[in-house]
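Visitor: The sequence shown begins at 146 in the working numbering and counts up one residue at a time.
One structure, as structure tokens, below. Some questions next.
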Amino acid sequence: MEYIYSAMMLYSAGKEVTEESLTAVLTAAGVEADAAKIKALTASLDGVDIAEAIANASVAAAAPAAAAAPAASAATEQVVEEEEEEVSEEEAAAGLSALFG
């Protein structure tokens with residue numbers, strides 16, 4: 146994760162994301178830089194519009210959060226209904242025991 150954070154920091158500072166700049170940031174942060182990971186990251190970022198990728202990521206992250214709210218509400222309603230059913234069964238059992246008391 147620190148490799149991606151380094152690339153994002155370089156991007157936000159207006160610097161070019163290169164193997165050398167990533168190595169410098171990671172070293173300054175006290176991370177032992179892995180040359181293979183840095184090379185893979187720079188290769189995967191080649192030709193990517195980082196601003197567009199960030200914009201798309203923030204939109205995609207908001208959608209699951211909005212969809213989770215109705216699901217949580219439905220789950221709460223189901224629990225309430227189950228509790229009401231349990232109370233009804235207990236009341237019914239108490240009424241029957243009163244008849245045969």
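Note that the Cβ used here is the ideal one computed from N, Cα and C, for glycine as well.
Flag this pair as yes or no: are the beta carbons of L167 and I149 separated by less than 7 Å?
Guide: No, Cβ-Cβ distance for L167 and I149 is not below 7 Å.
Visitor: My guess is that T187 and T163 are in contact by the Cβ rule of under 8 Å, so how many angstroms apart are they, rounded?
Guide: Going by Cβ atoms, the distance from T187 to T163 rounds to 7 Å, so yes, they are a contact pair.
Visitor: Which term fits S151, buried or exposed, when burial requires 16 or more other beta carbons within 10 angstroms of its beta carbon?
Guide: Flag for S151 reads buried.
Visitor: Can the beta-carbon of E147 be found less than 7 Å from the beta-carbon of V193?
Guide: Result no, Cβ atoms of E147 and V193 do not sit closer than 7 Å.
Visitor: Alpha carbons only, please: which of A174, E165, A198 and I195 is nearest the one belonging to A181?
Guide: Residue E165 is the option with its Cα nearest to A181.
Visitor: Give the DSSP-derived three-state secondary structure of T172 in the structure shown.
Guide: Helix, per DSSP.
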